[in-house]
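Visitor: Our numbering numbers the first residue of the sequence shown as 1213 and each following residue consecutively. My structure is below; once you've seen it, I'll send some questions.
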Amino acid sequence: MIKDSFTAVESAMPVPRWRSLLFVPSHVPRFVETAHERGADGVILDLEDSVPQDQKGEARRQLRECMTKVSRKGASVLVRVNHGLRALAADLDAAVIAGVDALVLPKTDSAEWVVEIANAVSELERERNLPLGRIRFLAQIETPGALHRLAAIASAHPRMVAMALGPEDFSAAVGGAPEFDLLLTPNLSVLFAARAAGLLPLGFIGSIGEFSDTHKLRETAAHARRLGFAGALAIHPAQVAIFNEAFSPSPQEMEWARRVAAAEDDAATRGLSAFSLDGKMVDPPVVRRAHEILARQQ
């Protein structure tokens, strides 16, 4: 019944192109004022970790004004809410407003939790005469227990649009450091679950806090793109341009994709579903990859 009630809204809403989502502490005016200049596809106004407990109330009160400022150049507006029930209720009251595109749900560990939040958001949308289902969810996976429930979380509700591993919190939860060996398997698990459910998989294999070594970050982001990730969350403006480049098709990829599409049309006129190009066999999965690359530039 939950999915049926959202069918019309869900089908009308395209999957966003989020190569980079920049965290901005919503209580720090100088960061809010310049966020729209950073070039991020989306800005996450944070009400959680980056906001001290005694300033959360003021951050909520400023949220509407912050939203208007960070979206000046067309970036999506996301709000990261708190996990605790009392803080979450206050966050939802502040964040379910026109202009907010998505909520970032930290420490998501079950489908039931997603549904509970979705129901609360729906109530607020109805009360406030907002389009039902417009606000979507990005779930952060930050506990080992959630790994066993990824498929259920990903398909919990039509509001779900993206998933990302929280590398720092996840590493702390298992008593480890946010290093490649520890983060590879959980990141791939999130990637597979997100893709299976038609969601955007966001992230890379490493610590989100590493931004000063731009060469390493560029390599890490390029590797994430090759694995199948669609974008990443940034905690520093210096990461944004790197992610935008890494998660966009290169000129060489675009040229290859165009040639595959052209060859596909020619093959179709001859009744062929597989054909040869540059000495390599091209079959439907390869054609789909070419069309996905072309779609990323639209």
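Note that the Cβ used here is the ideal one computed from N, Cα and C, for glycine as well.
Comparing alpha-carbon positions, which option in Leu-1400, Gly-1254, Ala-1271 lies nearest Asp-1261?
Guide: Reading the sequence shown from its first residue, position 49 is the one you call residue 1261. Closest by alpha carbon: Ala-1271.
Visitor: Check each candidate in His-1448, Glu-1422, Arg-1250 and name the one with the smallest Cα separation from Arg-1284.
Guide: Counting from one through the sequence shown, the residue named residue 1284 turns up at place 72. Residue Arg-1250 is the option with its Cα nearest to Arg-1284.
Visitor: Under three-state DSSP, which class holds Thr-1246?
Guide: Position 34 of the sequence shown, counting from 1, holds the residue named residue 1246. It is helical.
Visitor: Determine whether the beta carbon atoms of Gly-1440 and Leu-1396 lie at a separation below 8 Å.
Guide: Here residue 1440 corresponds to residue number 228 of the sequence shown, with the count starting at 1. Here residue 1396 corresponds to residue number 184 of the sequence shown, with the count starting at 1. No, these two residues do not count as a Cβ contact at 8 Å.
Visitor: Using three-state DSSP, classify Ile-1417 as helix, strand or coil.
Guide: Your numbering for residue 1417 matches position 205 in the sequence shown. Ile-1417 falls in the coil class under three-state DSSP.
Visitor: So, is Leu-1445 buried or exposed, given that buried needs 16 or more other C-beta atoms within 10 angstroms?
Guide: Stepping through the sequence shown from its first residue, residue 1445 is reached at position 233. Classification of Leu-1445: buried, given that the 10 Å Cβ count is 16 or more.
Visitor: Helix, strand or coil for Gly-1296? Go by DSSP, reduced to three states.
Guide: What you label residue 1296 is simply residue 84 of the sequence shown in a count that begins at 1. Coil.
Visitor: Closest by CA to Ala-1434, which one among Ala-1408, Ser-1424, Ser-1401, Ile-1417?
Guide: Within the sequence shown, residue 1434 is the residue found at index 222, counting from 1. Ranking Ala-1408, Ser-1424, Ser-1401, Ile-1417 by Cα distance to Ala-1434 puts Ile-1417 first.
Visitor: Residue range of the beta strand (DSSP E) that Gln-1265 falls in?
Guide: For the purposes of this step, residue 1265 is identified with residue 53 of the sequence shown, where counting begins at 1. It is not in any beta strand (DSSP E) - Gln-1265 carries neither H nor E in the DSSP assignment.
Visitor: How about His-1452 and Ala-1314: do their beta carbons lie closer than 8 Å?
Guide: One-based indexing of the sequence shown puts residue 1452 at position 240. One-based indexing of the sequence shown puts residue 1314 at position 102. Position check: residue 1452 holds Val in this sequence, whereas His was assumed. No; because the gap between Cβ atoms is not below 8 Å, this pair is not in contact.
Visitor: Return the residue from the list Ile-1454, Lys-1492, Asp-1478, Gly-1443 that minimises the CA-CA distance to Glu-1431.
Guide: Position 219 of the sequence shown holds residue 1431. Considering only alpha carbons, the answer is Ile-1454.
Visitor: What's the C-alpha gap between Leu-1193 and Gly-1254?
Guide: Here the chain covers residues 1213 to 1510 and nothing more, so residue 1193 does not appear.
Visitor: Which residue or residues does DSSP assign as beta-bridge partners of Val-1236?
Guide: Counting from one through the sequence shown, the residue named residue 1236 turns up at place 24. According to DSSP, which records beta bridges pairwise, Val-1236 is partnered with Leu-1257.
Visitor: Does Asn-1456 pass the burial test, meaning 16 or more other C-beta atoms within 10 Å, or should it be called exposed?
Guide: For the purposes of this step, residue 1456 is taken as the residue at position 244 of the sequence shown. Burial call: buried.
Visitor: Could you name the residues that DSSP lists as bridge partners for Ser-1288?
Guide: The residue labelled residue 1288 in the question sits at position 76 within the sequence shown. Beta-bridge pairing links Ser-1288 to Gly-1254.
Visitor: If I follow the unbroken alpha helix (DSSP H) through Met-1279, where does it start and stop?
Guide: The residue given as residue 1279 occupies position 67 in the sequence shown. It spans 1275 to 1282 - the alpha helix (DSSP H) in which Met-1279 sits, taken as one unbroken run.
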